[in-house]
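Comments concern the structure below.
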Amino acid sequence: MKNQVLFIGMGLILLVGLSGCFSFNDYVIEYFEGGYVVDTDTILDVTTFNGEIMINSWDGNSIVLNATKRSQYDQNDLDLIKINVINSTNKIEFVVEYLGVKPSKPIVDMNISVPYDVIIDDIHTSNGAIMISGVKGNVSAMSSNGRIHIENVDGYISATTSNGNIEVIQTTGINDLITSNGKIYVEIYGLEENTLLRSSNGDIEVYIDTTLDAEIEITTSNGAISTTGVTMNVTQYHDNYFNGSLGVGGNLLNIHTSNGDITLYEL
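Numbering (my numbering), first residue to last: 67 to 333.
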């Protein structure tokens with residue numbers, strides 16, 4: 067095990083970096099821990115190529131990154147994983163790169179604790195789940211293959227995954243939520259622009275604040291539509307199509323699945 071102590075300018079200080087490795091269940095595993103003191107309203111972006119990202123708030127004044135690197139091969143393969151910390155005025159980025167060419171890429175799971183006044187921005191993994199809770203920021207979350215769960219966030223949320231469920235609960239509002247193969251469960255407290263909820267293969271369950279002013283269009287190619295308990299001005303409604311409005315109308319909420327049911331409830 068080795069210790070690293072680094073100091074970073076622009077209002078960011080790396081307190082401690084720790085790493086160690088061992089073999090477990092046919093994987094070579096290495097751990098990394100870093101602590102970064104940040105200013106109020108520092109923006110955080112995270113990108114990793116293969117692995118899950120978990121972000122939660124805590125009471126400290128630093129961002130704490132705990133990463134687990136796993137390879138099916140050897141230590142040399144782990145050494146080709148680089149966790150880059152890029153900082154500029156009022157922004158910090160964690161960017162994970164793999165410099166190797168193995169057909170089976172290693173995995174880097176990231177568990178990040180942030181002070182509440184850090185602003186979460188772009189969060190991206192090519193293959194893995196994204197879980198974010200108890201933070202603030204207009205979060206854009208993207209995974210090529212994995213579940214996205216976002217809860218208790220002070221901000222508007224957009225999320226895209228090509229294979230996995232999307233769940234957005236107790237946030238200021240939403241922007242587009244798109245999955246190509248999975249269910250969508252969302253609570254809608256606010257819409258700041260025209261918004262799309264779309265799944266190519268899965269049910270969509272929506273709980274909406276009925277005091278909002280919004281236009282609503284719902285379509286499903288193969289499934290049922292239900293607007294249980296939601297009082298709206300209905301323009302058109304049949305088995306696979308619904309059009310109506312809440313309040314005096316406003317931003318368009320477009321809800322579509324090509325294979326699944328769509329259910330709208332009142333919050």
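Glycine included, each C-beta is placed from N, C-alpha and C at the ideal position.
Subject >> Counted within 10 angstroms of its Cβ, other Cβ atoms place I152 as buried (16 or more) or exposed >> reply: The residue in question, I152, is exposed, as its Cβ has fewer than 16 Cβ neighbours within 10 Å.
**OP:** State the CB to CB distance for the pair G194 and S209, rounded to an integer number of angstroms; the pair is presumed to be in contact (CB under 8 Å).
**Re:** 6 Å
**OP:** Could you tell me how far apart the beta carbons of I129 and I158 are, in whole angstroms, since I believe they sit closer than 8 Å?
**Re:** The pair is a contact, with the Cβ atoms about 7 Å apart (cut-off 8 Å).
**OP:** State the start and end residues of the unbroken beta strand (DSSP E) segment that holds L263.
**Re:** 261-265
Subject >> Cβ-Cβ separation, S292 to N325 (assumed contact under 8 Å), whole Å >> reply: Contact doesn't hold; Cβ gap of about 16 Å is too wide.
Subject >> Proximity of S192 and N116 at Cβ, strictly below 8 Å >> reply: yes
**OP:** Along the beta strand (DSSP E) that carries N142, what are the first and last residues, could you check?
**Re:** Unbroken run through N142 is the alpha helix (DSSP H), 141-144; no beta strand (DSSP E).
Original post:
Bridge partners of Q236, per DSSP?
Top reply: In DSSP, Q236 forms no bridge with anything.
Subject >> M176 to I119 span [Cα, whole Å] >> reply: 5 Å
Original post:
Quick one: Cα of I216 to Cα of A280, how far?
Top reply: 23 Å
Original post:
For V272 versus Y182, is the C-beta spacing smaller than 8 Å?
Top reply: no
Original post:
From this set, F160, I270, M298, which residue's C-alpha is nearest D188's C-alpha?
Top reply: F160
Original post:
DSSP on N320, reduced to helix/strand/coil?
Top reply: The DSSP-derived three-state label of N320 is strand.
Original post:
Regarding L312 and the ligand SAM, is the C-beta to nearest heavy atom distance less than 7 Å?
Top reply: Ligands in the displayed structure: none, and consequently the ligand SAM is not present.
**OP:** Indicate whether I147 and V167 have their beta-carbon atoms separated by less than 8 Å.
**Re:** no
Original post:
Ordered along the chain, which non-local residues of its own chain (more than five positions away) have a Cβ less than 6 Å from that of V300?
Top reply: G310
Original post:
What's the call for N306, buried or exposed, on a 16-neighbour Cβ count within 10 Å?
Top reply: exposed
Original post:
Apart from the five residues just before and just after I235, which ones in its own chain have a Cβ nearer than 6 Å to its Cβ?
Top reply: E217, E253
Original post:
Identify the residues that DSSP records as bridge partners of P345: which are they?
Top reply: Residue 345 lies beyond the stretch modelled for the chain, which goes from 67 to 333, so this question has no answer here.
Original post:
Would you say L262 and D275 are within 8 Å of each other, going by their C-beta atoms?
Top reply: no
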